[in-house]
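Colleague: Structure provided below as structure tokens; questions to follow.
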Amino acid sequence: MSDLRGPPSDRSADELRSFGVVNLDKPPGPSAHQVAGWVRDMVGTDRAAHAGTLDPKVTGCLPVLLGDATRMAQVFLEGTKEYVAVLELHGPAPSDFEAVVAEFEGEIYQKPPRKSAVTRRLRTREIHAVDVLEVRDRQALLRIDCESGTYVRKLCHDIGLAAGTGAHMGHLRRTATDPFDDTDLSTMHDLSDALAFAEEGEESFLRDVVAPAERALRHLPRVTVAPSAAEQVAEGAPVYAPGVIDSEDASRGDLLACYTPNDAVVCLGRLVGDPDADSGEVVSLERVLV
233 MSDLRGPPSD RSADELRSFG VVNLDKPPGP SAHQVAGWVR DMVGTDRAAH
283 AGTLDPKVTG CLPVLLGDAT RMAQVFLEGT KEYVAVLELH GPAPSDFEAV
333 VAEFEGEIYQ KPPRKSAVTR RLRTREIHAV DVLEVRDRQA LLRIDCESGT
383 YVRKLCHDIG LAAGTGAHMG HLRRTATDPF DDTDLSTMHD LSDALAFAEE
433 GEESFLRDVV APAERALRHL PRVTVAPSAA EQVAEGAPVY APGVIDSEDA
483 SRGDLLACYT PNDAVVCLGR LVGDPDADSG EVVSLERVLV
């Protein structure tokens, strides 16, 4: 049991720095990669990873994983994102503008822009909702709930074409990335202040800014395993049915998180068997987190 983590609520400041997450409010100017590097250096950990690229001018929700928590960065590839965007129309909005925008809900085709870091081939993305919050002169304020990997700039361009006016994206702010949103964002200044107070022995501010890494997994199905099974996982073994204590509903192939009874995460994995069975493999490992 010595190698397994204690309950998230009991972690020390040093443990949070080495296995924590900051729900950061990214400022305009630096890239997401630059911001993650600054956080890494400020916190004094060896690694930091951000949850999904934001262009330099884009602001908002940028969770940053610290230390060993960087192993779980893949969880942000499978969730949804929410943005608020200013659509700069190149002419007056048509009378049926809201209906035009609504046509973009559902599965759409996108080709990544020329400056993107991925291969430029046509692909599909799911737009869960596009709401027109306000239209003023030649500007429209949109709230977009979409699949991870959606290019909002391209979406804005396409909406402009469909509206018959042409358009481009103005300001963009990410308001949520599963399971984080903008209700509890912390700024770089908040983090800096919290670290300074922690150096003086006052850790409460750091706990407000740096959450246990398990916070990044709340949206995933959960499997609770016995401590003995967790120790085997730490050695690279999958999760077998006899080691499962409890589980939430999940479908085969789903990404899920395994925990000890004290709520400390053990691993990420895929459901491959029946958690209620008496024998057999239940979870195949993707990332060991202990």
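Numbering (my numbering), first residue to last: 233 to 522.
Beta carbons are placed, not taken as given, at the ideal position from N, Cα and C, and that holds for glycine.
All figures in this text were calculated on a predicted structure; none of them were measured in a lab.
#1: Work out the CA separation of residue 312 and residue 423 for me, nearest whole Å.
#2: Cβ atoms of residue 306 and residue 518: under 9 Å apart, would you say?
#3: Any chance the region 366 to 375 sits against the region 315 to 331, with 3 or more Cβ pairs inside 8 Å?
#4: Which runs of the beta strand (DSSP E) fall wholly inside the region 356 to 395 and span at least 3 residues, in chain order?
#5: Assign residue 261 to one of two classes, buried (16 or more other C-beta atoms within 10 Å of its C-beta) or exposed (fewer than that).
#6: At what residue ranges does the region 424 to 488 contain a whole run of the alpha helix (DSSP H), taking only runs of 4 or more?
#7: Measuring alpha carbon to alpha carbon, tell me which of 512, 308, 381, 288 ends up nearest residue 469.
#8: DSSP beta-bridge partners for residue 263?
#9: Tell me which same chain residues have a C-beta within less than 6 Å of the C-beta of residue 332, skipping the five on either side of it?
#10: With distance defined between alpha-carbon atoms, name the residue in 379, 505, 442 nearest to residue 455.
#11: Let me know the secondary structure DSSP gives residue 412 once reduced to three states.
#12: According to DSSP, simplified to helix, strand and coil, what is residue 280?
#13: Name the DSSP bridge partner or partners of residue 401?
#14: Please go through the same chain and pick out, in chain order, the residues whose beta-carbon is closer than 8 Å to the beta-carbon of residue 334, but skip the five residues on each side of it.
#15: Should residue 408 and residue 253 be called a contact, given that it needs their Cβ atoms to be closer than 9 Å?
Modeller: Inspection of the coordinates gives the following:
#1: 26 Å
#2: yes
#3: yes
#4: 371 to 379
#5: exposed
#6: 436 to 441, 459 to 466
#7: 512
#8: BP columns for residue 263 are empty, so no partner.
#9: 394, 395
#10: 505
#11: strand
#12: strand
#13: 319
#14: 362
#15: no
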